[in-house]
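Asks:
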Amino acid sequence: AWVHGDPRKVIYPTDSYGQFCGQKDTLNENKTILFYFNILKCASPVVLINLQCPTTQLCVSKCPDRFATYIDVQASYRYKPDQWNYFRQFCKPGFNNPRKSVAQVLRDEDCPSMIIPSRPFLKRCFPDFSTKNGVLTVANQTTFKDGRGKTRNVTDLREAANGINNVLDARSVGMKIFEDYAISWYWILIGLFIAMIVSLLFLVLLRFTAGVLFWIFIFGVIGIIGYGIWHCYWEYDHLKGIPGSDLTVYDIGFQTDFRVYLQLRQTWLAFMIILCVVEVIIILMLIFLRNRIRIAIALLKEGSRAIGYIMSTLFYPIVTFVLIAICISYWAVTAVFLATSGEPVYKVMANQTLCKYANLTCDPETFNTTNVTKVCPGAQCTFAFYGGESLYHKYIFIFQLANAFVFLWLVNFAIALGQCTLAGAFASYYWAYRKPADIPLWPLFSSFGRAIRYHTGSLAFGALILAIVQLIRVILEYLDHKLKGTQNSFTRFLLCCLKCCFWCLEKFLKFINRNAYIMIAIYGKNFCTSAKEAFFLLMRNVVRVAVLDKVTDFLLFLGKILVAGGVGVLAFFFFTQRIPVFAQEAPTLNYYWVPLLTVIIGSYLVAHGFFSVYAMCVDTLFLCFCEDLERNDGSTAKPYFMSASLHRILGKKELSPKKA
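The sequence shown begins at 262 in the working numbering and counts up one residue at a time.
#1: With T643 and K608 assumed to form a contact (beta carbons below 8 angstroms), what rounded beta-carbon distance in angstroms separates them?
#2: Let me check one thing: in DSSP terms, what residues is R413 bridge-paired to?
#3: Quick check: the Cα distance between L525 and N851, rounded to an integer number of angstroms?
#4: On the three-state DSSP scale, how would you describe R380?
#5: Between K786, I568 and V636, which lies nearest to I881 when the distance is taken from Cα to Cα?
#6: May I ask you to verify whether the segment 747-767 touches the segment 692-712, counting CB pairs closer than 8 angstroms and requiring at least 3?
#7: Quick one: what does DSSP say T509 is sitting in, helix, strand or coil?
#8: Tell me whether F296 sits in a helix, a strand or coil according to DSSP, three-state version.
#9: Which of the three DSSP states, helix, strand or coil, is assigned to Y607?
#10: With DSSP run on the structure shown, which of helix, strand or coil describes D741?
#11: Where V459 and L823 are concerned, what is the direct C-alpha to C-alpha distance, given to the nearest angstrom?
#12: Given 8 angstroms as the limit, is there contact between the segment 493-503 and the segment 523-542, that is, 3 or more CB pairs closer than that?
#13: Considering only their Cβ atoms, is the gap separating A611 from A586 smaller than 7 angstroms?
#14: Work out the CA separation of F549 and R695 for me, nearest whole Å.
#15: Is Y875 helix, strand or coil when you go by DSSP?
#16: Determine the contact status of S864 and A825, defining contact as a CB-CB distance below 7 angstroms.
#17: Using beta-carbon positions only, say whether T330 and K411 come within less than 7 angstroms of one another.
#18: I'd like to check one pair, D371 with K353: are the Cβ atoms closer than 7 angstroms?
#19: Which same chain residues, not among the five before or five after I438, have their C-beta less than 6 angstroms away from its C-beta?
#20: Taking a contact to mean a Cβ-Cβ separation below 7 angstroms, would you say A782 touches G723 in this structure?
#21: Would you check if the segment 735-755 and the segment 702-717 touch, i.e. whether three or more CB-CB distances between them fall below 8 angstroms?
#22: Taking one C-beta from the segment 579-598 and one from the segment 663-682 each time, how about it: are there three or more such pairs within less than 8 angstroms?
#23: Check the C-beta distance from C282 over to C314 and give it rounded, since I have them as a contact under 8 angstroms.
#24: According to DSSP, is K919 part of a helix, a strand, or is it coil?
#25: Could you tell me whether the Cβ atoms of S374 and D389 are closer together than 7 angstroms?
#26: By the 10 Å Cβ neighbour count, where 16 or more other Cβ atoms means buried, how is H716 classified, buried or exposed?
#27: Return the first residue and the last residue of the beta strand (DSSP E) that L523 is part of.
#28: According to DSSP, is S708 part of a helix, a strand, or is it coil?
#29: Is it a yes or a no for the segment 679-694 touching the segment 873-889, going by three-plus beta-carbon pairs under 8 angstroms?
#30: For the beta strand (DSSP E) holding P578, just list the boundary residues, first then last.
#31: Spatial neighbours of T404 within its chain, please: CB distance less than 8 angstroms, with the 5 preceding and 5 following residues excluded, ordered by chain position.
#32: Would you decide whether G505 is buried or exposed? Buried here means 16 or more other CB atoms lie within 10 Å of its CB.
#33: Under a three-way DSSP split, which group does T813 fall into?
#34: At 3 residues or longer, what runs of the beta strand (DSSP E) sit wholly inside the segment 326-385?
#35: Output the distance between the C-alpha atoms of L759 and V539, rounded to the nearest integer angstrom.
#36: Count the other CB atoms within 10 Å of the CB of W263; is the residue buried (16 or more) or exposed (fewer)?
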């Protein structure tokens, strides 16, 4: 990929000769804009079939700013040389023969038949449309000469521009998103930094007020969802009576500009119903699980005490974040290089509609020696798209899968390393008989060293198993997407069953791996042995697992939602310029939802990283507690290692009191 790929293929426009517009150290270095010889041809259905406008395209330094036709310029070139020199910059490079007949020039497309006032948009020259008294105009004119003896209306240009826009919508949504990221990346980083500070603040406060803060989490989430319901109702009621707002999503179809959907009452009604359902579910869960939530909060307080003795664990997620960021960066860059590994593909572009060679592939270096130009006068070999028929290009999809598999394996390994390191640190806290006197020095650093030195193979093996299952799920999703229009009922049922089974398998493996890494950190045994012992230990305490572990996960999940939702609301008001103080600072974007979704998802991931410390602490303490109960009986010979407070929380009467 790094040898063959070139990301410039998706960033810069390409002219009919396969040259990048604006490429350094070339003739097009100062020509950054793509110009269409005859933009009227872009209204042809061929545009959507071949994803290429069937006219010569050149790189220019600026778009034309006036109306002119080649016929008029050629007729007056002797006494108006300035007009010829201006028009010539939109002809093929090197062409300077105004004596050549107009018919031959237009047939060979040496020069455009006309130029019209245009402005650059997405690095392409588009007619400079404006509306005057409700009438569409270009440079205050409603008609223009097409250079072939006809006077046409500017609405024809609008149809041609829409033809190009359909292609650009298919090709350049990714480029628009890239531009939004380029403009707003530092604001996104600021949003993620705020999420990190808020998450760290919550974790520090949990050390002292775990119960109070978690009830704040719970009611905060209920409040945010309640605000969302109110806002959806307000938008729904505000759009009442506005023309077009009663259309359905089905009526307008798929639109790349998602702001269109926000003008529909149906959209806000659907959002409001979804949020109401989520609100009711959360409230019902809180009512029926209130006693178990109290137990879980008590266990979190014990976890807070453990983290208080090993404060360095709060910052370990930064290490995991850096490792995963490196994995994501490597995967994304390699995927882009793979996707841009195609060679330029050239096709015959003929002015004659009945040319038998039209749209066939060709070689620009040998094209003039063939008989194509004799059979189809004026035909040209022009750039169409990037692709290839070599063995390498045929298996690019397989390489993308391999790249995805490496990405999944590395990410799972980075997560496994973090889980094993944290488990080792918290296990050293639990198995210290006198806390904190017996806790070893630098427990987190020591645990990390043990994981790297002794357990790398076990962690890599566990990550490999999980990565294989995840890759199978990715392939199933891809097959489901590709076969959606052709599959029968049995195929849909089979794919649905497979997707469900592998989803369950992935969740089960994550649960087993997590507890296996805890056992590895405690005993240092291999992955398979640790996974087996952890599984049977949990099965012998399955009721406690259901009551404590999962309720704790639910509470921590509410905390993540509160952080992501709070930062997301702040980002929404910022990027939609609804905060007066920062209205001038907010960037102008193609899609404001691009940085907004990035901030929300990124904030959730950041919060997940920091809250995972608490989750790992609780899981480790719980597994150690179960092991402690089976190994010891509370007697003088076999005293419990758990603290007195944890002893009271989990309902075991201590037979042999000891100092905590």
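Just so it is clear, CB atoms sit at the ideal spot from N, CA and C, and this is done for glycine as well.
Replies: Short version:
#1: 7 angstroms
#2: F405
#3: 20 angstroms
#4: strand
#5: Residue identity check: residue 881 is Thr in the sequence provided, not Ile. Ranking the options by Cα distance to T881, first place goes to I568.
#6: no
#7: coil
#8: strand
#9: strand
#10: helix
#11: 10 angstroms
#12: yes
#13: no
#14: 38 angstroms
#15: helix
#16: yes
#17: no
#18: yes
#19: V855
#20: no
#21: no
#22: yes
#23: That belief does not hold up - the Cβ atoms of C282 and C314 are roughly 15 angstroms apart, past 8 angstroms.
#24: Caution applies to K919, whose pLDDT of 43 falls short of 50 and renders its modelled position unreliable; the value that the coordinates give is listed next. It is coil, neither helix nor strand.
#25: no
#26: buried
#27: No beta strand (DSSP E) contains L523, which DSSP labels as neither H nor E.
#28: helix
#29: yes
#30: Counting along the chain, P578 falls outside any beta strand (DSSP E), though it belongs to the alpha helix (DSSP H) covering Y577 to A600.
#31: T412, R413, N414 and V415
#32: exposed
#33: helix
#34: 379-382
#35: 27 angstroms
#36: exposed
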